[in-house]
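Counting in this note's numbering, the sequence shown runs from 1 upward without gaps. Every residue, glycine too, gets a C-beta built ideally from N, C-alpha and C. What you are looking at is a predicted structure, and each value in this text was computed from that prediction instead of being measured. Input: a single structure, listed below in structure tokens.
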Amino acid sequence: MTTNQHQNQNRDQDTSAPAAVRVAVVTGGSRGIGRAVARKLAEDGLAVVVNYTRDEAAAEETVAAITGAGGRAVAVRADVAEEKEVAALFDRAEEEFGGVDVVVNSAGRMVLSPIADLDLAALDAMHRTNIRGTFVVAQQAARRLRAGGSFVAFSSSVVGTQFPEYGGYAASKGAVEALTLILARELRGRDVTVNTVAPGPTATDMFLTGKTPEQVDRLAKTPPLERLGTPDDIAAVVAFLGSPAGRWVNGQVLRANGGMV
């Protein structure tokens, strides 16, 4: 082989560009399930935009955990129910990392009360985050996700179990389930999947707050696996839905609850 042939061969081998980094936006990523999702996606090689509303220090802890392990992440404040703030959140993701491939809306609010006693201001605040917030984030995801992308929303298994005192919360999450398949169908031809994860009882601060040890123990024994879920359990499900392995799951609500009916 001549020198020129060697040079041409080397040039042909060097023309392959490095694969573009995949990018995730995780709302509510400062703690609980959102933090576990952000860390899991970073472990899988995605650059992560960690969204928070109030707790900047906790969001920065999530970022530090990711970058300390060799990943890429930034923390960005935005109220998920505010359209302009969420648009700016996606702008930052595109400016920082070049685009958006996975959107996980894990921001949520839960108030427990019998329906007869639920403060309507608390109901409005909960629905503002859980319904309007999901809708606003879904709008930006629908406009911005690149081909091969995924949108993952969050519901709750109480939509099915219908426990007392969860009426307002379950109503807000039922709305999320209702829009899941509709959005998947509206994104036909875009190569973008839309799914919702509905965890059962999961050991997070939001779940444990206000419950007695007896209540927690009773709920832990409800699934056949006889334990509470962990944030890492849920993060693994979300990561699957956002990965190439999960591409054929679309328009679905997955009850990630250990077999709880």
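In this chain, the alpha helix (DSSP H) harbouring residue 239 covers 231-241.
Here residue 173 is buried. Its C-beta has 16 or more other C-beta atoms within 10 Å. Taken in chain order, the complete beta strand (DSSP E) segments of 3 or more residues contained in the segment 12-92 are 23-27, 47-52, 73-77. The beta carbon of residue 72 is closer than 6 Å to those of 47 in its chain, skipping five residues each way along the sequence. Considering only 110, 140, 82, 69, the residue with the shortest C-alpha distance to residue 102 is 140.
Residue pairing by DSSP places residue 256 opposite 199 in a beta bridge. Within the segment 126-207, the complete alpha helix (DSSP H) segments at least 4 residues long are 133-144, 158-161, 167-186, listed from N- to C-terminus. Exclusion of the five residues before and after residue 223 leaves 200, 257, 258, 259, 260 as the residues of its chain whose Cβ lies within less than 7 Å of its Cβ. Residue 20 and residue 147 have their C-alpha atoms roughly 13 Å apart.
Scanning its chain for C-beta atoms nearer than 6 Å, with the 5 sequence neighbours on each side dropped, one finds around residue 132 the residues 81, in chain order. In terms of Cβ geometry, residue 39 and residue 66 form a close pair [threshold 9 Å]. Residue nearest to residue 183 within the set 175, 87, 194 is 194 (criterion: CA-CA distance). Taking residue 129 as the centre and dropping the five residues before and after it, the same chain places the C-beta of 80, 81, 107, 108, 109 closer than 7 Å to its C-beta, in chain order. Of the other Cβ atoms in all chains shown, fewer than 16 fall within 10 Å of the Cβ of residue 213; this residue is therefore exposed.
Secondary-structure assignment with DSSP links residue 103 through a beta bridge to 25, 151. Residue 111 sits close to residue 123, with the two beta carbons spaced by under 9 Å.
In this structure, residue 154 lies near residue 33, with their beta-carbon atoms less than 9 Å apart. Put simply, of 225, 219, 233, 30 the residue whose alpha carbon is nearest the alpha carbon of residue 55 is 30. If the five residues before and after residue 99 are omitted, its C-beta is found closer than 7 Å to the C-beta atoms of 23, 146, all from its own chain and listed in chain order. Look at residue 247 here: in three-state DSSP terms it is coil, with no helix or strand label.
If you draw a straight line from the Cα of residue 59 to the Cα of residue 52, it is about 6 Å long. By the Cβ neighbour-count rule, residue 120 is exposed, with fewer than 16 other Cβ atoms within 10 Å of its own.
The Cβ-Cβ distance between residue 226 and residue 220 falls below 9 Å.
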